[in-house]
């Protein structure tokens, strides 16, 4: 379920935002920054984390740990400071399209074969989808065409939890 501070769910097209630093500690991957709100998507559901900046700091990773979203940065921040966040929008938008495309493809596979998606992985150069059954090369091509037909129909996309 989305929290009020998860702007990536409430406004997925938001590219910039302002937030207050709730906590900042030094960790193994740089500084671990917690904000009162964020547009940075944390890695999860097969989708990689957003990258970008908080002020002049580079955001190299974003994770949800114990219910808290942590931004890994190369600079420290004082608690209570206001920071301006900016997403690497090209990466975010590409990930959004790929993730939605995965749902479309697995939906047509489920409709045609009854198979469930049991794994989803986004890599820089490809996407992997694990289904609960086998598809022939011919089936894969047919499902690709079916998914492209759904996309070409320009149907509305609904986000649900």
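In my numbering, the protein residues as written are 37 to 197. Cβ atoms here follow ideal geometry from the backbone N, Cα and C, with glycine treated the same way.
According to DSSP, what are the bridge partners of residue i?
i           : result
residue 54  : 120
residue 155 : 166
residue 61  : 68
residue 80  : 83
residue 74  : 42
Which residues bound the alpha helix (DSSP H) around residue i?
i           : result
residue 101 : Where residue 101 is concerned, there is no enclosing alpha helix (DSSP H), although the beta strand (DSSP E) it sits in stretches over 93-101.
DSSP state of residue i, grouped into three classes?
i           : result
residue 112 : coil
residue 47  : coil
residue 141 : helix
residue 182 : helix
residue 193 : coil
residue 150 : coil
residue 42  : strand
Are there 16 or more other CB atoms within 10 angstroms of the CB of residue i, so buried, or fewer, so exposed?
i           : result
residue 113 : buried
residue 128 : buried
residue 154 : exposed
residue 107 : buried
residue 192 : exposed
residue 74  : buried
residue 85  : buried
residue 197 : exposed
residue 105 : buried
What residue does the beta strand (DSSP E) around residue i start on, and which one ends it?
i          : result
residue 68 : 66-71
residue 89 : 88-90
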